[in-house]
Amino acid sequence: MTALARSNRIRRTWWTDAVDRAGCTAYTVYNRMMLPASFAGTDVDAAHLKRAVQVWDVAVERQVEITGPDADTLMQRLTPRDLSQLQPNQCAYVPICNHDGGMLNDPVALKPRPDTWWVSLADGELRLWIAGMAEAGGYGVQVFEADVQPLAIQGPLSDELAARVFGEEVRKLKFFRHDRFAFNGTEMIISRTGYSKQGGFEIYVEREADAMPLWNALFAAGADLDVRAGCPNLVERIEGGMLSYGNDMTDLDTPFEVGLDKYVQVYDCIGGPALKAHVSNRRLMAVEMAGPLPTCDRLWPIMLGEERIGVVTSSAWSQEFGCGVAIGSVDRRWGAGEDVVVQTQDGPKAAHLREKFWR
């Protein structure tokens, strides 16, 4: 495997040295920053994530801060999700579309204080888009990348670990809600969110001085829980049908092609008229594949006889389910139950279109 050449152009995080010491064996680049990609191997990491608890350096989830008297107005202009329905301290999954309705990013947004939004990015230069829309529209806001670095706790023992460090009240935090909790003489915003189906939290660290004390406190408190350093896991996310921007959706997809229909609630937004007129002819589906599988680093055609009916966008081998698990973008004329062939760089693989993902 070719190594990642490190440089100042690829930004480190407040925990990069600790992640190295914890045995990270692979990084990827995400928002021009280093994101851990493997420790003991994807399969071993996935099995541990499903039974214990992990601490993830996800500082790559950069926070675009929108602050000022027009912050709410601009935020609603950016997304077809109806933000007027949000409750206090609620996080919002907010598709951001271009003028043609194509997906530019699928961030989670929250309000750390009145007149301020944090837009927690998937991979992409969305800050430039938001800044451009703010300037062009004459909105009374400032738009910049806040140096807020999230640290995630994920896995079935996440509640126990979080309670040991932040107190029992953290257990009461509801899904996709956030609140402030005391640590190290300050308060940290913690949300019940995260890029896995195993449950957990994301901690928004605002001061570098708190970064390593928090890391050390989590590992000290979780020693008997078998806490380990981890990272977003390819196998686990595909089993759960969790999408990756840049892999499973791009600006060539509207929310309708990628199963985000329920978040298209208003049309008085950028891309709204295009979304209102759009008729989708594709959808995402679970695809079960025969192995062995090469790395899915390109789109794999899905063939039904001689007809190409879609592409596989992400794939991995699942030890738990004993098959290749994949996400496919498939012509809506075809549905679950079809036996197909997926053309990989290592040759054709027998596959089956499924109604649901594995978890």
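Taking the working numbering, the leading residue of the sequence shown gets 306, the next gets one more, and so forth.
Cβ atoms here follow ideal geometry from the backbone N, Cα and C, with glycine treated the same way.
The structure displayed is predicted, hence computed values, not measured ones.
Between which two residues does the alpha helix (DSSP H) containing His404 stretch?
Within the sequence shown, the letter at position 99 stands for residue 404. Looking at the DSSP string, His404 is not in any alpha helix (DSSP H), and its letter there is neither H nor E.
Roughly how many whole angstroms lie between the Cα atoms of Thr498 and Val635?
One-based indexing of the sequence shown puts residue 498 at position 193. One-based indexing of the sequence shown puts residue 635 at position 330. The straight-line gap from Cα to Cα measures roughly 29 angstroms.
Since Ile401 and Leu383 are thought to touch, with beta carbons under 8 angstroms apart, how far apart are those beta carbons, to the nearest angstrom?
Along the sequence shown, one-based indexing puts residue 401 at 96. Along the sequence shown, one-based indexing puts residue 383 at 78. Between Leu383 and Ile401 the Cβ distance is about 5 angstroms, and since that is below 8 angstroms, they are a contact.
Excluding the 5 residues preceding and the 5 following Glu473 in the sequence, name in chain order all residues of the same chain whose CB lies nearer than 7 angstroms to its CB.
Counting from 1 along the sequence shown, the entry for residue 473 is found at position 168. So the list is empty, once near-sequence residues are dropped.
Given Met656, which residues of its chain have a CB within under 6 angstroms of its CB, disregarding the five upstream and five downstream residues?
Taking the sequence shown and counting its residues from 1, one reaches residue 656 at position 351. Contrary to the premise, residue 656 reads as Ala rather than Met in this sequence. So the qualifying residues of the chain are Val592, Met594, Val645, Val647.
Give me the Cα-Cα distance between Asn489 and Ala357, rounded to the nearest whole angstrom.
In the sequence shown, the residue the question calls residue 489 occupies position 184. In the sequence shown, the residue the question calls residue 357 occupies position 52. Spanning the two alpha carbons is a distance of roughly 25 angstroms.
For Pro461 versus Glu507, is the C-beta distance shorter than 8 angstroms?
One-based indexing of the sequence shown puts residue 461 at position 156. One-based indexing of the sequence shown puts residue 507 at position 202. The answer is no: Cβ separation not under 8 angstroms.
Per DSSP, which one or two residues make a beta bridge with Gly652?
On the sequence shown, residue 652 is found 347 positions in, with the first residue counted as 1. According to DSSP, which records beta bridges pairwise, Gly652 is partnered with Thr649.
Whose CA, out of Asp553, Met338, Ser496, Ala441, lies closest to the CA of Gly633?
As a position in the sequence shown, residue 633 is number 328, starting the count at 1. Of the listed residues, the one whose Cα sits closest to Gly633 is Asp553.
Under a Cβ-count criterion, where at least 16 other Cβ atoms within 10 Å of its own Cβ denotes burial, should Phe550 be classed as buried or exposed?
Position 245 of the sequence shown, counted from the first residue, corresponds to residue 550. The sequence shown places Tyr at residue 550, not Phe. So Tyr550 counts as buried.
I'd like the ranges of any alpha helix (DSSP H) spanning at least 4 consecutive residues and lying wholly in the region 559-617.
As far as the region 559-617 is concerned, its whole alpha helix (DSSP H) runs of at least 4 residues are 577-582.
Run through DSSP, which three-state label would Pro518 get?
Residue numbering aside, residue 518 sits at position 213 when the sequence shown is read from its first letter. Looking at Pro518 - three-state DSSP - the assignment turns out to be helix.
Between Gln570 and the rest of its own chain, which residues show a CB-CB distance below 7 angstroms, the 5 nearest in sequence each way excluded?
Residue numbering aside, residue 570 sits at position 265 when the sequence shown is read from its first letter. For Gln570, where only same-chain residues beyond five positions count, the Cβ hits under 7 angstroms are Pro385, Arg386, Asp387.
Taking the beta carbon of Asp389 as the centre, do at least 16 other beta carbons fall within 10 Å, making it buried, or is it exposed?
Working through the sequence shown from its first residue, we reach residue 389 at position 84. The sequence given here has Ser at residue 389, not Asp. By the 10 Å Cβ count, Ser389 comes out exposed.
From the DSSP output, read off the bridge partner residues of Cys628.
Translated into positions along the sequence shown, residue 628 becomes position 323. Cys628 pairs with Ser623.
Taking 8 angstroms as the limit between beta carbons, can you name the residues of its chain near Val616, skipping five residues before and five after?
Locating residue 616 in the sequence shown gives position 311, where the first residue counts as 1. The residues are Leu604, Trp605, Pro606, Ile607, Gly633, Ser634.
For the region 429-487, list the beta strand (DSSP E) runs that are entirely contained and at least 3 residues long, ordered along the chain.
Qualifying beta strand (DSSP E) stretches, in chain order: 447-451, 454-459.
So, Met339 versus Arg316, is the Cβ gap smaller than 8 angstroms?
On the sequence shown, position 34 is the one that residue 339 refers to. On the sequence shown, position 11 is the one that residue 316 refers to. Their beta carbons are under 8 angstroms apart, which means Met339 touches Arg316 by this criterion.
Gly373 and Gly442 look like a contact to me (Cβ under 8 angstroms); what is the Cβ gap, rounded to whole Å?
Sequence index remark: in the sequence shown, residue 373 carries index 68 (1-based). Sequence index remark: in the sequence shown, residue 442 carries index 137 (1-based). Rounded, the Cβ-Cβ distance is 12 angstroms, inconsistent with contact.
Quick one: grab the DSSP three-state call for Val532.
Here residue 532 is taken as the residue at index 227 of the sequence shown, counted from 1. DSSP places Val532 in coil when its eight states are reduced to three.
Leu523 and Val470 - do their beta-carbons sit closer together than 8 angstroms?
Along the sequence shown, one-based indexing puts residue 470 at 165. Along the sequence shown, one-based indexing puts residue 523 at 218. Closer than 8 angstroms, so yes.
Using the Cβ count rule (16 or more neighbours within 10 Å means buried), how would you classify Lys581?
Residue 581 sits at position 276 when you count from the first residue of the sequence shown. With fewer than 16 other Cβ atoms within 10 Å, it is exposed.
Considering Cα atoms alone, identify which of Asn521, Gly535, Arg533, Arg588 is closest to Thr559.
Working through the sequence shown from its first residue, we reach residue 559 at position 254. Measuring from the Cα of Thr559, the nearest candidate turns out to be Arg588.
Put Lys355 into one of helix, strand or coil per three-state DSSP.
As a working mapping, residue 355 is identified with position 50 in the sequence shown. Here Lys355 sits in helix by DSSP.
Which same chain residues end up closer than 8 angstroms to Arg637 when comparing Cβ atoms and leaving out the 5 residues on each side of it in sequence?
Along the sequence shown, read from residue 1 onward, the residue named residue 637 stands at position 332. Cβ within range, chain order: Ser585, Asn586, Arg587, Arg588.
If we ignore side chains and look at the alpha-carbon of each, how far apart do Leu391 and Pro597 end up?
For the purposes of this step, residue 391 is taken as residue 86 along the sequence shown, with counting starting at 1. For the purposes of this step, residue 597 is taken as residue 292 along the sequence shown, with counting starting at 1. Approximately 45 angstroms between the Cα atoms of the pair.
State the beta-bridge partners of Trp639 as determined by DSSP.
By one-based count along the sequence shown, residue 639 stands at place 334. Answer is none; Trp639 lacks a bridge partner.
From Asp452 to Thr491, what does the alpha carbon distance come to, in whole angstroms?
In the sequence shown, the residue the question calls residue 452 occupies position 147. In the sequence shown, the residue the question calls residue 491 occupies position 186. If you take the alpha carbons of Asp452 and Thr491, they lie about 17 angstroms apart.
DSSP three-state call for Ser343: helix, strand or coil?
The sequence position of residue 343 within the sequence shown is 38, counting from 1. Note: Ser343 maps to strand in three-state DSSP.
Give me, in chain order, the residues of the same chain whose beta-carbon lies closer than 6 angstroms to that of Ser496; leave out the 5 immediate sequence neighbours on both sides.
Counting from 1 along the sequence shown, the entry for residue 496 is found at position 191. Correct list, in chain order: Cys396, His483, Glu507.
Under DSSP, the beta strand (DSSP E) around Gln368 begins and ends at which residues?
Counting from one through the sequence shown, the residue named residue 368 turns up at place 63. 368-372 is the span of the beta strand (DSSP E), which, as asked, contains Gln368.
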